[in-house]
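Be aware that the sequence shown starts at 1, since it is given in the working numbering, and climbs by one per residue.
Built from N, CA and C at the ideal position, the CB exists for glycine as well.
Treat the numbers as computed from the prediction; the structure is a model and nothing was measured.
Okay, structure first, notes after.
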Amino acid sequence: MAKEFKISKQTREELLQERLYLSTVRDKEVTEMIEEARSFGDLSENSEYDEARNEQAKLYGRIAEIDNILNHAIIIEESDDFSGFIGLGCRVVVRDLETGEEEAYQVVGSQEADPMNGKISDDSPFGRAMVGKTKGDKVTVDAPVGTLSFEVVSVEK
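Right, here's the structure in full:
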């Protein structure tokens with residue numbers, strides 16, 4: 001069974017736009033690079049040709065990756081009926097019970113995760129521990145650095 005990817009409508013649109021760009025504009029650029037490199041002569045000792053072919057392989061690999069994501073995507077619907085429980089699309093503020101520091105995160109699907117920008121995957125240890133919790137709940141997360149404890153300060157959609 002193929003892996004399903006949870007993504008937002010916005011991410012789906014961004015992937016469609018990226019795929020369109022890669023399969024039209026970028027593909028044409030890479031094809032031109034290959035043609036130019038071929039004109040340099042002997043392909044067995046032509047580093048420009050090898051580089052252009054490698055670029056083509058990366059391009060086709062990324063297109064295949066996007067196709068796989070889009071073909072197995074589950075679109076996260078933004079709903080107006082917010083129950084107060086943490087789920088995909090929620091913005092969460094948590095307080096580290098050891099340091100007292102507060103951090104804000106958004107819970108997203110694995111393809112949208114970007115921890116450096118506060119987007120935490122629901123598949124990550126932190127995300128799995130948060131899903132289903134509500135304001136005031138205490139949460140324990142088993143992380144590589146040890147067990148971390150948090151309190152949910154706020155949850156909003």
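Straight-line gap, residue i to residue j (C-alpha atoms, nearest Å)
| i | j | result |
| --- | --- | --- |
| residue 139 | residue 38 | 60 Å |
| residue 85 | residue 64 | 36 Å |
| residue 7 | residue 45 | 44 Å |
| residue 71 | residue 13 | 13 Å |
| residue 81 | residue 28 | Note that residue 81 scores a pLDDT of 48, beneath 50, so its modelled location is shaky and nothing firm can be said. |
| residue 48 | residue 21 | 23 Å |
| residue 108 | residue 143 | 19 Å |
| residue 10 | residue 56 | 27 Å |
For residue i, three-class secondary structure by DSSP
| i | result |
| --- | --- |
| residue 61 | helix |
| residue 135 | coil |
| residue 119 | strand |
Host beta strand (DSSP E) of residue i (start-end)
| i | result |
| --- | --- |
| residue 99 | Premise fails: residue 99 is in no beta strand (DSSP E) and is neither H nor E. |
| residue 148 | 146-156 |
| residue 159 | Nothing about residue 159 can be read from this structure; the chain reaches only from 1 to 157. |
Endpoints, alpha helix (DSSP H) assigned at residue i
| i | result |
| --- | --- |
| residue 129 | 125-130 |
* Tell me, please, whether the region 113-122 touches the region 134-148 by the rule of three or more beta-carbon pairs shorter than 8 Å. => no
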